[in-house]
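Per my numbering, residue 2 is the first one in the sequence shown, and the count goes up by one each step.
Idealized CB from N, CA, C, for every residue including glycine.
For reference, the structure is listed below as structure tokens.
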Amino acid sequence: MKVFLSYSHRNEDFVIDLYRRLTRDGVSCFFDRESIAWGANWVIELEKGIDDCEYVILCLSPDFCRSEWTKLERTGAMADDPAGLKRKLRPLLLEPCSDLLPRFLIPIQHIDVSTPKKFEDNYPEICRALGGTVIKESTLADRDKLPSVCRLPDRNWMPYRSLGDVFVGRVRDLWQINDMLRERKTAVVEGVGVVVGTGGIGKTQLAIEYVHRFGASYPGGVFWIDAEQGISNMIAQVVQGADIDIDSTLEERYQLPQLWKTLSQLPPVLIVLDNFPENEPLQPWLPPASSIHTLVTTRRRDLNYSRLPLDFMTVAEGIMLLNTGARKFGHEAAELVDTLGGLPLALELARNFLNIRIDVSIDSLEQEILSVGEMKTLSIFADKYANELPSGHIKEVAATFHISWALASATAQTVLQCMSLLAPKPIPRRLLRKILGLQSENILEDPLDDAIGELANKLSLVELDKENDPWMHRLIAGFVNTTIGENRDLRDKVVNEVKEEMARVTDETDSLSYNQLEKIIPHAEMLVSSESIETEQAINIFNYLRWHNSKWGRYWIAERHGRKSLDLSEKAYAPGHPSIARSQSNLALVLQDLGELEEARDLLRKALDSAQKSFEPGHPSIAIRQSNLATVLQDLGELEEARDLLRKALDSDQKSFEPGHPSIARSQSNLALVLKDLGELEEARDLLRKALDSDQKSFEPGHPSIAIRQSNLALVLKDLGELEEARDLLRKALDSAPKSLSQETFYCHKQSTWSGAKDWRLENRDFALV
2 MKVFLSYSHR NEDFVIDLYR RLTRDGVSCF FDRESIAWGA NWVIELEKGI
52 DDCEYVILCL SPDFCRSEWT KLERTGAMAD DPAGLKRKLR PLLLEPCSDL
102 LPRFLIPIQH IDVSTPKKFE DNYPEICRAL GGTVIKESTL ADRDKLPSVC
152 RLPDRNWMPY RSLGDVFVGR VRDLWQINDM LRERKTAVVE GVGVVVGTGG
202 IGKTQLAIEY VHRFGASYPG GVFWIDAEQG ISNMIAQVVQ GADIDIDSTL
252 EERYQLPQLW KTLSQLPPVL IVLDNFPENE PLQPWLPPAS SIHTLVTTRR
302 RDLNYSRLPL DFMTVAEGIM LLNTGARKFG HEAAELVDTL GGLPLALELA
352 RNFLNIRIDV SIDSLEQEIL SVGEMKTLSI FADKYANELP SGHIKEVAAT
402 FHISWALASA TAQTVLQCMS LLAPKPIPRR LLRKILGLQS ENILEDPLDD
452 AIGELANKLS LVELDKENDP WMHRLIAGFV NTTIGENRDL RDKVVNEVKE
502 EMARVTDETD SLSYNQLEKI IPHAEMLVSS ESIETEQAIN IFNYLRWHNS
552 KWGRYWIAER HGRKSLDLSE KAYAPGHPSI ARSQSNLALV LQDLGELEEA
602 RDLLRKALDS AQKSFEPGHP SIAIRQSNLA TVLQDLGELE EARDLLRKAL
652 DSDQKSFEPG HPSIARSQSN LALVLKDLGE LEEARDLLRK ALDSDQKSFE
702 PGHPSIAIRQ SNLALVLKDL GELEEARDLL RKALDSAPKS LSQETFYCHK
752 QSTWSGAKDW RLENRDFALV
């Protein structure tokens, strides 16, 4: 719920504190100095604020009663609720008003906050009545200890888990982040905090712990964003995590204002931009509303916002980290902390080594580190990451990685090498199992699970996300990658299995792929950007990425992948090559979704011309191109040409497939929809009856294709005046929709609200990847 704060500016100090506390406790407030943008019309914004708010808090004082502005505000609130039935006015008595109090306010119950004690005593009642939850203020004593892990708000996108009691040190840093985000300071943009520091210093883990320990302070939602994947990815993840709708066909720059406007209506929100790129401006990512807080982790040091430079661990903090294992150490461990430069990542690996090798002392480990650090095999890693490791300790850190690597079993090392070829993001176990061929014979013996358990629990070389899938720090991945050498076989297996996994998008019956492929995307995107992948593999993966993002309604991301696929095809093949035609057709489908119909039409004409030159007349590829071009022509209103193309496509399919084949049913349905637009309703009805009969024989009851045919036929019957049958078919279609789709699939389909022939057709058209 949203609250309008009406007050005299002579009482501003009280209202600032009230606003801060209500906002902290989950109450969304309209506060003029925070809610009215620079350059906005003050009167219009105040009026709109009153209209949008459920309650108006009147901060009563003699100055309030005399103010002409507050008179306008309370009059506006009364006009919306003249009888007081909505109880929109909520008076707080700051100072006695005697005879100045307006007569209509006298019978309305107020709360006395005229002294600090009365305010503190009554604040919990005020907060609860406005829908908030009182969050205890931190004391100086609280700030000396680590806050407990809390329950995250219902709206969240948080793939990573807290380390719990294993997380040590950084107490002051956590509270400082909270201060930067929660208190209004002199930052260029309020509510923005930037955590900067060296690789391996713990920036991401600190942000993870902040989310899990302070997340309750953001009842509007917390959303973890992988900033390296771009603004479009941020929009998609927040939309999914918050379960909100925005128009995904708009350009990115128009989607963002929609997103911020929706989130600004919620209680305080936290967005974490993890690993913010080093070559991109931060400003376009930031929300304008002060109720949306942004925490950024980055290796950059040039951002002009409230910054927390994350330093290396002190000797005391380093010893605390070493002592989180079974073995305990005293001041003799100080030299080890110094040797490793206080880098948490290296100290964590050293701790696990010492707890596995209980016969090794601190002194012995230091000697081993110094010895291994001279190995030539580490020079490549040290040179590559020299700017991201503690100065003067590069060889020692690299040696720590090597020592931990040497402790791992052969199977665990192979798992690490496989992971190092993928993105430093969670990797589904099923993908690792397919790449490495590590099948489980029974539940008691699973070599992959055993290896991951060893790497996560004993060696701390990988972390586990909330679904228990492993991910590896980029510095460890960089080191492990140097151990692979010219192992082309492993690299080929990784590319092939990622490609096969992404190819699941082509199987319309694989409903699990909608959600499961979300975790494959960062790995597929990393592979297509590498130099080791073959061109044809990259083209296919880009097409799969386009297809998957289109299914989720992320059309601008899909367009980007479609254009990359076409660009690669045009560079690799001669004009007219089938691969170019496929990429042209696939890109055109996305452009059609975005409403860029002329470019889509031109691409599809080229693709059709190419197919007619490459294949014999009647080939299914020609029919696909004809059908796709026809759907665009229909959107452009060129119905006669669309009809003629679809008749040819249907004739081709009837010659290529057995009677009743789903491809024939699709062609019948597509042609019928054009005939409907042309007013040829009887033929359209007959074709749709055939298509529905075919799908009822081809698919299980409740399949989405059946619902599509039922809906399209019902719309034609409606135009023919056969309303009872149309009603019955639509009821069946609507009833089967939620049952026949996974939650993720239904999320995509609900964008069209199951309500029109065009939406049905677009969801079910053929794709040109053959």
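Over the uninterrupted alpha helix (DSSP H) stretch that includes residue 91, give me the two end residues.
In the sequence shown, counting from the first residue as 1, residue 91 sits at position 90. Per DSSP, residue 91 belongs to no alpha helix (DSSP H); it is in the beta strand (DSSP E), 90–94.
Is the beta carbon of residue 500 sitting closer than 8 Å to the one on residue 538?
As a position in the sequence shown, residue 500 is number 499, starting the count at 1. As a position in the sequence shown, residue 538 is number 537, starting the count at 1. Contact: yes.
Are at least three pairs of beta-carbons, each pair with one atom in the region 211–229 and one in the region 143–161, less than 8 Å apart?
Output reads yes: the region 143–161 touches the region 211–229.
Checking the sheet assignment: what are the DSSP bridge partners for residue 443?
Your numbering for residue 443 matches position 442 in the sequence shown. Note: residue 443 sits in a beta bridge opposite 446.
Since residue 593 contacts residue 601 with CB under 8 Å, what's their CB separation in whole angstroms?
Position 592 of the sequence shown, counting from 1, holds the residue named residue 593. Position 600 of the sequence shown, counting from 1, holds the residue named residue 601. Going by Cβ atoms, the distance from residue 593 to residue 601 rounds to 5 Å, so yes, they are a contact pair.
Cβ neighbours of residue 745 in the same chain (closer than 6 Å, five flanking residues each side left out)
Taking the sequence shown and counting its residues from 1, the one referred to as residue 745 is at position 744. Note that residue 745 scores 38 on pLDDT, short of 50, meaning its location in the model is unreliable; the coordinates nonetheless yield the value given after this. So the list reads 515 and 516, once near-sequence residues are dropped.
Thinking C-alpha only, which one of 27, 9 and 26 is nearest residue 33?
Looking up residue 33 in the sequence shown gives position 32. The shortest CA-to-CA distance from residue 33 to any of 27, 9 and 26 is the one to 9.
Complete runs of the alpha helix (DSSP H) confined to the region 551–590 [at least 4 residues]:
Runs of the alpha helix (DSSP H) inside the region 551–590: 556–573.
Under the three-state DSSP convention, the category residue 125 falls into
Within the sequence shown, residue 125 is the residue found at index 124, counting from 1. Secondary structure of residue 125 (DSSP, three-state): helix.
Identity of the residues DSSP links to residue 3 by a beta bridge:
Taking the sequence shown and counting its residues from 1, the one referred to as residue 3 is at position 2. The partner list for residue 3 (beta bridge, DSSP) reads 29.
Quick check: what's the CA-CA separation for residue 6 versus residue 30?
Mapped onto the sequence shown, residue 6 falls at position 5. Mapped onto the sequence shown, residue 30 falls at position 29. Rounded to whole angstroms, the gap between the alpha carbons of residue 6 and residue 30 is 7 Å.
Secondary structure, beta strand (DSSP E): runs of 3+ residues fully inside the region 16–62
If we require 3 residues or more, the beta strand (DSSP E) runs fully inside the region 16–62 come out as 29–31 and 56–61.
According to the neighbour-count rule (16 or more other Cβ atoms, all chains shown, within 10 Å of its Cβ), is residue 463 buried or exposed?
Indexing the sequence shown from 1 puts residue 463 at position 462. Buried is the call here.
Residue 353 beta carbon less than 8 Å from that of residue 327
Taking the first residue of the sequence shown as position 1, residue 327 is located at position 326. Taking the first residue of the sequence shown as position 1, residue 353 is located at position 352. If you check the CB distance, residue 327 and residue 353 do not come in under 8 Å.
Where residue 267 and residue 422 are concerned, what is the direct C-alpha to C-alpha distance, given to the nearest angstrom?
Counting from one through the sequence shown, the residue named residue 267 turns up at place 266. Counting from one through the sequence shown, the residue named residue 422 turns up at place 421. Residue 267 and residue 422 have their C-alpha atoms roughly 40 Å apart.
At which residues does the beta strand (DSSP E) containing residue 524 begin and terminate?
The residue labelled residue 524 in the question sits at position 523 within the sequence shown. Where residue 524 is concerned, there is no enclosing beta strand (DSSP E), although the alpha helix (DSSP H) around it starts and stops at 522–529.
Report the three-state DSSP secondary structure of residue 222 (helix, strand or coil).
Taking the sequence shown and counting its residues from 1, the one referred to as residue 222 is at position 221. Strand at residue 222.
Reference residue 57, options 569, 49 and 664, closest by Cα:
One-based indexing of the sequence shown puts residue 57 at position 56. Nearest Cα to residue 57 within the set 569, 49 and 664: 49.
Taking 8 Å as the threshold, find out whether the region 16–31 comes into contact with the region 121–140 through three or more Cβ pairs.
Yes: the two stretches touch, three or more of their Cβ pairs being nearer than 8 Å.
Could you check which residue in 244, 259 and 245 has the C-alpha nearest to that of residue 251?
In the sequence shown, counting from the first residue as 1, residue 251 sits at position 250. Ranking 244, 259 and 245 by Cα distance to residue 251 puts 259 first.
If contact is defined by three or more beta carbon pairs under 8 Å, each pair taking one atom from either stretch, is the region 227–241 in contact with the region 97–108?
Segments in contact, no.
Beta bridge counterpart(s) of residue 8 as assigned by DSSP:
Along the sequence shown, read from residue 1 onward, the residue named residue 8 stands at position 7. Here residue 8 is not bridged, per DSSP, to any residue.
Quick check: what's the CA-CA separation for residue 447 versus residue 398?
The residue you call residue 447 lines up with position 446 of the sequence shown. The residue you call residue 398 lines up with position 397 of the sequence shown. One C-alpha to the other measures close to 32 Å.
Does the distance from the CB of residue 97 to the CB of residue 109 come in under 8 Å?
Reading the sequence shown from its first residue, position 96 is the one you call residue 97. Reading the sequence shown from its first residue, position 108 is the one you call residue 109. In this structure, residue 109 does not lie closer than 8 Å to residue 97 by Cβ.
Under 8 Å between C-beta atoms of residue 425 and residue 503:
Reading the sequence shown from its first residue, position 424 is the one you call residue 425. Reading the sequence shown from its first residue, position 502 is the one you call residue 503. Using a Cβ distance threshold of 8 Å, residue 425 and residue 503 do not count as a contacting pair.
Please classify residue 724 as buried or exposed, where buried requires at least 16 neighbouring CB atoms within 10 angstroms.
On the sequence shown, residue 724 is found 723 positions in, with the first residue counted as 1. Counting C-beta atoms within 10 angstroms of its own C-beta, residue 724 has fewer than 16 neighbours from the protein chains shown and is therefore classed as exposed.
Within the region 459–537, ranges of the alpha helix (DSSP H) (whole runs, at least 4 residues):
Fully enclosed alpha helix (DSSP H) runs of 4 or longer: 475–482, 489–503, 514–517 and 522–529.
When the Cα atoms are used, what is the spatial distance from residue 512 to residue 736?
Working through the sequence shown from its first residue, we reach residue 512 at position 511. Working through the sequence shown from its first residue, we reach residue 736 at position 735. One C-alpha to the other measures close to 18 Å.
Do residue 1 and residue 214 have their C-beta atoms within less than 8 Å of each other?
Because the chain in this structure spans residues 2 to 771, residue 1 falls outside the shown range and cannot be described.
Within 10 angstroms of its Cβ, does residue 332 collect 16 or more other Cβ (buried), or is it exposed?
For the purposes of this step, residue 332 is taken as the residue at position 331 of the sequence shown. Burial check for residue 332: the Cβ neighbour count within 10 Å stays below 16, so the residue is exposed.
Under 8 Å: do the region 647–655 and the region 695–712 share three or more Cβ pairs, one atom per stretch?
No, the region 647–655 does not touch the region 695–712.
Have a look at residue 289 and residue 552 and give me their C-alpha separation to the nearest angstrom.
Here residue 289 refers to the residue found at position 288 when the sequence shown is read from its first residue. Here residue 552 refers to the residue found at position 551 when the sequence shown is read from its first residue. Distance between the alpha carbons of residue 289 and residue 552: 30 Å.
Quick one: Cα of residue 523 to Cα of residue 230, how far?
Position 522 of the sequence shown, counting from 1, holds the residue named residue 523. Position 229 of the sequence shown, counting from 1, holds the residue named residue 230. Straight-line Cα distance between these residues: approximately 8 Å.
For residue 161, which beta-bridge partners are listed by DSSP?
Position 160 of the sequence shown, counted from the first residue, corresponds to residue 161. Per DSSP, 466.
Residue 136, DSSP secondary structure in three states
For the purposes of this step, residue 136 is identified with residue 135 of the sequence shown, where counting begins at 1. Residue 136: coil per DSSP, three-state reduction.
Could you tell me which residues DSSP pairs with residue 428 in its beta bridges?
For the purposes of this step, residue 428 is identified with residue 427 of the sequence shown, where counting begins at 1. The partner list for residue 428 (beta bridge, DSSP) is empty, contrary to what the question assumes.
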